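Trainee: Quick one: the structure is below, questions incoming.
In my numbering, the protein residues as written are 18 to 318.
Right, here's the structure in full:
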C-alpha cells in the first residue's frame, strides 16, 4: 500500500467558485422493493471532457451536503460533478429495502440513464460503503474511488445512530406553525438523546413541511429495519478493486482505524490511506478546503 498513513497539510484555497446548477428530475416518492429507484441528483456542469465526479452522501444526509464542494471542484478541475440522493434520503423515492446491493443497483441505473460510462466515485460514510460495493461489483464503471471516513468494516460500536432514529421518531410538532418555530420545537425534543449541537443541526436538515404538516423526509422505518446491514459491509471473499483508491479519514474520527488496514489492502490493493488533521467524521464540513485539495491531488496523482 502506498504511503500508508500520510498526514495531509494543505494550503488554503482562495476565491468564490460559481457554476450553473441543474436540478435532477423530481420522482415519485415510493418504489417497489425489487427494482432500482430513480434517484434525484444535481448536476454541476463543467466545461471539460474529463471523467465526471459522483458524490454519495452518508446516512441522514442528502445531495446538498456536497453542493459547495461540487461548485469548487467544477471551477478547479473543469469536470462535471453530480451529487446524488440515496434511496430513502433527500428527494429520492422511499423503498422498504436499504442495502448496499440495492443502492449500488440504483447508482448503476442512474449512470446508465445519464449515459455516464465511467465515473470517479466519492462516497462519505454510508455513501462510501455504497461506493466500495459499486467498485467491487461494477469495476468498469469506476475509474477512481475515494472513500471518505469509513472502511469495509463493522461500524456499529462506533455510532449512536440507533439513538438518533429513536429521537427522530419521538418528535411531535404542531401543524400550521412557522418553519422556524417547528425547527426549534424539533431541536428541543431531540436534545435528550442527541447531545451534540452539530448532529442535531444535521438531522434537522431532514425536517420538511408539506401542506402545513411537518415530517422527516428520510424513511426512518426502512433505516431502522436495515441499520445493522448499513453498519456492516457485504462479504467479498474473492473480489478486489484494482483501480486507484483513496481512503480519506478525519484525524479526530475513529471510523478508519489501523485495525481496518489489512481488509482495506486486501479489497483495494492500490489504496492510499490519508488523514486530514483536526477533522471529525464530517471532514467535508469541518475542513472543506483541505478536503478539496486532497481530492484534486488524488485526481492528479
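Glycine included, every Cβ here is placed at the ideal spot set by N, Cα and C. Source: prediction; values computed, not measured.
Are residue 102 and residue 272 touching if we call contact CB-CB under 8 Å?
Mentor: no
Trainee: Skipping 5 residues on each side, what residues in its chain have a beta carbon closer than 6 Å to that of residue 65?
Mentor: 95, 96
Trainee: Rounded to whole angstroms, what's the CA-CA distance from residue 119 to residue 285? Just pull it up for me.
Mentor: 22 Å
Trainee: Cα separation between residue 259 and residue 228?
Mentor: Linking residue 259 to residue 228 through their CA atoms gives a straight-line distance of about 50 Å.
Trainee: I think residue 121 touches residue 68, with their Cβ atoms under 8 Å apart; what is that distance to the nearest whole Å?
Mentor: The pair is not a contact, with the Cβ atoms about 19 Å apart (cut-off 8 Å).
Trainee: For the alpha helix (DSSP H) that residue 345 lies in, which residues bound it at each end?
Mentor: Residue 345 falls outside the range modelled here, since the chain spans only 18 to 318, and no answer is possible.
Trainee: Where do the N-terminal and C-terminal ends of the alpha helix (DSSP H) with residue 70 fall, by residue?
Mentor: Residue 70 -> not in any alpha helix (DSSP H); beta strand (DSSP E) instead, spanning 70-73.
Trainee: So is residue 214 buried or exposed if we call it buried at 16+ other beta carbons inside 10 Å?
Mentor: It is exposed - the Cβ of residue 214 has fewer than 16 other Cβ atoms within 10 Å.
Trainee: Can you give the Cα-Cα distance for residue 316 and residue 189, rounded to whole angstroms?
Mentor: 46 Å
Trainee: Check residue 239 in the structure and name its three-state DSSP category.
Mentor: Residue state for residue 239 is assigned as helix, using DSSP reduced to three classes.
Trainee: According to the neighbour-count rule (16 or more other Cβ atoms, all chains shown, within 10 Å of its Cβ), is residue 132 buried or exposed?
Mentor: exposed
Trainee: With distances taken Cα to Cα, identify the nearest neighbour of residue 145 among 137, 163, 224.
Mentor: 163
Trainee: By the three-class DSSP mapping on this structure, what secondary structure does residue 171 have?
Mentor: coil
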